[in-house]
Amino acid sequence: MTFVDRFLAERYEELQLEKYGIGRQWETVLLTPRFITSRHVVALIFAAGAREPSLVVKVPRQPGENDSVRHEAKVLRQLGAGPATGVPHVVTVCDVGAHTVLVETAVTGAPLDPRLVVADLSGAVSAGTDFVDALPCTQAAAQNDGWYDRTIGEPLQALCRLVADEPETKELVKRTHELLAPLHDVPLPAIVEHGDLSHPNLFLRDNGTLQVVDWERARTDGVPGHDLVFYLQYLSESTEHAFHRGAQIAAFEKAFGAGGWALAPLAAHLRRRGVDAGVLPMLVIATWARSAATLAYRLDRQTGPGPGTDQVRLAVASDRDFWLWRHVVTGVLQER
């Protein structure tokens, strides 16, 4: 019996697991992502003979590294208190020794993988925009003071510390702040933000609605447009079969370059958020700067005795979001 099986068996009545349909003889499939930024072991819990899981259990890989699962549970509970938005329900989050265990319901639907995107791009665009539109606003623009430093300035500072002020990153941060200077005085609302709207976190139900998992990178003080830029880039990469960095940049240009197909749905989303679509180019730049900056959080356990190790620098320099950030800052997006 695995740690996860023992945990569920000992708490079967307490958590009322019978209502999730798994019975007493469930089957467990362990997933161990191999990404350098992955922090968890994930277990899928199937009722005996079932083809789809009923529950998902997340356990940190390392004892004591529990902040991310606790954060995910907090965000999901906040979302669960509002209108249905296509997210898992938290069954429990509790400490077992040095580990915090998160149990949540499994979502249903077909994985929105590149094959499914190619089959119906317009349907994927609609599903994603509807999902992002429905994410709640947590602070009105007029009350969201200091949003720029909190969501852009501080994360970029953390990234610089991670790579020990590596010259290219330091210059990208400097140039980013120059390009985004006009945003400082633009009031923007705070939005719940997933932060990683791409496969394998997306599931499409038969009714065309999106279900989204893996909320460990989520923020409750996010920036309008961030999730939709990230999502539309994933759709563009899928339709262009863009699986290496050069092709991913080309896919970005098709979506967000002059006349790009993603500009209209993004502008419409911003208007629905009460944001002037004139700041769209700057919000695209901000998306990739902020997404690259999350590496400071995702790699902070990979730094060994101190920041700036070769392993960390290589991970940053090879990351797709870093490449897109560099492209939008050094390219011509800001001139369009």
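Sequential numbering from 1445 applies to the sequence shown in the working numbering.
Built from N, CA and C at the ideal position, the CB exists for glycine as well.
Note that the coordinates shown come from a computational prediction; the quantities given were computed from them, not determined experimentally.
For residue i, tell me which candidate among the options has the shortest Cα-Cα distance.
i	options	result
SER1566	ARG1715, GLY1652, TYR1464, GLU1471	GLY1652
LEU1603	ARG1742, ALA1563, HIS1771, VAL1772	ARG1742
TYR1464	LEU1646, ALA1706, ARG1483, VAL1534	VAL1534
THR1582	ILE1635, GLU1615, GLY1530	ILE1635
SER1642	ASP1665, SER1680, VAL1667, HIS1688	SER1680
LEU1724	LEU1672, GLY1572, LEU1579, LEU1616	LEU1672
ILE1729	PRO1626, ARG1663, GLY1690	PRO1626
ASP1629	ASP1593, LEU1606, VAL1607, SER1570	ASP1593
THR1683	TYR1456, VAL1569, GLY1493, LEU1488	VAL1569
ASP1640	GLN1506, ASP1511, PRO1507, GLU1516	GLU1516
PRO1580	ARG1521, VAL1607, GLU1612, LEU1606	ARG1521
GLN1587	LEU1474, ASP1665, ALA1740, ALA1733	ASP1665
LEU1523	ARG1663, PRO1507, ARG1764	ARG1663
Distance check for residue j and residue i, CA to CA, integer angstroms please.
i	j	result
GLN1755	ARG1495	39 Å
PRO1749	GLU1509	Caution applies to PRO1749, whose pLDDT of 44 falls short of 50 and renders its modelled position unreliable; the model cannot decide the point.
ALA1584	PRO1633	5 Å
VAL1501	PHE1451	10 Å
LEU1623	VAL1448	48 Å
ASP1574	ALA1759	33 Å
PRO1709	TRP1591	24 Å
LEU1768	ARG1468	48 Å
LYS1614	THR1774	13 Å
VAL1617	LEU1600	7 Å
ALA1691	HIS1685	8 Å
PHE1674	THR1731	7 Å
Assign residue i to one of two classes, buried (16 or more other C-beta atoms within 10 Å of its C-beta) or exposed (fewer than that).
i	result
VAL1540	exposed
SER1762	exposed
THR1595	buried
PHE1687	exposed
GLY1572	buried
ARG1715	exposed
ARG1505	exposed
ARG1559	exposed
Are residue i and residue j close, meaning C-beta to C-beta below 8 Å?
i	j	result
THR1476	THR1446	no
HIS1713	VAL1561	no
LYS1757	GLU1610	The identity of residue 1757 in the sequence shown is Arg, whereas the question assumes Lys. In this structure, GLU1610 lies closer than 8 Å to ARG1757 by Cβ.
VAL1545	VAL1503	yes
SER1498	ALA1563	no
VAL1513	VAL1537	yes
HIS1638	VAL1656	yes
ALA1578	THR1620	no
PRO1555	PHE1490	no
ALA1699	ALA1706	yes
THR1738	ARG1661	yes
ARG1649	GLY1526	no
ALA1740	LEU1606	yes
TRP1787	ALA1487	In the structure as shown, the chain begins at 1445 and stops at 1780. Residue 1787 is therefore absent and cannot be evaluated.
ALA1711	ALA1721	yes
For the ligand HEM, any of its heavy atoms closer than 7 Å to the Cβ of residue i?
i	result
GLY1639	With respect to small molecules bound, the structure shown includes none, and the ligand HEM cannot be examined in it.
Uninterrupted beta strand (DSSP E) stretches inside the segment 1513-1572 (no shorter than 3 residues): 1534-1540, 1543-1549
Residue ranges of each alpha helix (DSSP H) within the segment 1685-1768, 4 or longer: 1689-1700, 1707-1716, 1724-1737, 1739-1742, 1754-1762
Contiguous beta strand (DSSP E) assignments of at least 3 residues, all confined to the segment 1580-1627: Runs of the beta strand (DSSP E) inside the segment 1580-1627: 1581-1583.
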